[in-house]
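Peer 1: Going letter by letter, the sequence shown gives residues 2 to 123 in our numbering. Using N, Cα and C, we set each Cβ at its ideal position, and we do this for glycine too.
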Amino acid sequence: MKENAKSIMQMAKGAFLERIDYEMAKIMGNILDANTKATEKRKLTVTLTFTPDDDRTTIGVSMVAKTSLAATNPAVTSLYLMGEDGTGEVQAVEMVPQIPGQTSLDGTEQEAPSTLKIIQFA
């Protein structure tokens with residue numbers, strides 16, 4: 002019987018190792034994601050739960066693999082507040098790097114900035 006001994010991680014027809022590999026793929030994908038902080042720590046937690054029966058002859062074993070991934074970096078922009086054509090209504094316009102219509106050195110033209118729709122309740 003000793004020659005057939007295996008690690009607990011090889012039990013359940015390999016499902017335990019498969020779950021760990023599945024979570025490892027999530028961690029590797031998160032590390033390669035340019036939208037996350039490269040040096041942020043990631044964590045893989047494996048929990049084995051053993052549930053013996055009343056006779057102590059049968060033990061149910063369940064395994065859960067859980068990852069803690071790095072959060073994505075925040076997406077940021079800047080808004081400029083101004084009045085609209087003397088009407089007194091507030092308008093928020095997204096700031097752009099150049100004057101709208103201006104051509105940059107790479108030949109692209111700056112598009113008009115996006116305007117935030119502001120809903121006022123009476």
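What did DSSP end up calling Gly84 once you bin it into helix, strand or coil?
Peer 2: The count along the sequence shown starts at 1 and reaches residue 84 at position 83. In the structure shown, Gly84 falls within a strand segment according to DSSP collapsed to helix, strand and coil.
Peer 1: In or out: Phe17 buried (at least 16 other Cβ within 10 Å) or exposed?
Peer 2: Translated into positions along the sequence shown, residue 17 becomes position 16. Buried, because 16 or more other Cβ atoms sit within 10 Å of the Cβ of Phe17.
Peer 1: I want to know whether the segment 76 to 85 touches the segment 47 to 67 - three or more CB-CB distances under 8 Å.
Peer 2: no
Peer 1: Please name the residue, chosen from Lys27, Asn31, Met12 and Glu24, that lies closest to Thr73 on a Cα-to-Cα basis.
Peer 2: The sequence position of residue 73 within the sequence shown is 72, counting from 1. Per the Cα distances, Asn31.
Peer 1: Here's a check: name, in chain order, each residue in its chain whose Cβ is nearer than 8 Å to the Cβ of Thr116, leaving out the five neighbours to either side.
Peer 2: Here residue 116 is taken as the residue at index 115 of the sequence shown, counted from 1. Closer than 8 Å at the Cβ level, and outside the excluded window around Thr116, lie Gln92, Ala93, Val94 and Glu95.
Peer 1: Express the C-alpha separation of Thr48 and Gly102 in angstroms, rounding to a whole number.
Peer 2: Locating residue 102 in the sequence shown gives position 101, where the first residue counts as 1. Locating residue 48 in the sequence shown gives position 47, where the first residue counts as 1. C-alpha separation (whole angstroms): 58 Å.
Peer 1: Using 8 Å as the threshold, is the C-beta distance between Glu41 and Ala76 below it?
Peer 2: For the purposes of this step, residue 41 is taken as residue 40 along the sequence shown, with counting starting at 1. For the purposes of this step, residue 76 is taken as residue 75 along the sequence shown, with counting starting at 1. Not closer than 8 Å, so no.
Peer 1: For a quick check, are the C-beta atoms of Ala66 and Ile9 less than 8 Å apart?
Peer 2: Position 65 of the sequence shown, counted from the first residue, corresponds to residue 66. Position 8 of the sequence shown, counted from the first residue, corresponds to residue 9. Against a cut-off of 8 Å, the Cβ pair of Ile9 and Ala66 comes out as no contact.
Peer 1: Could you name the residues that DSSP lists as bridge partners for Lys14?
Peer 2: Translated into positions along the sequence shown, residue 14 becomes position 13. DSSP, once it has assigned bridges, lists no residue as partnering Lys14.
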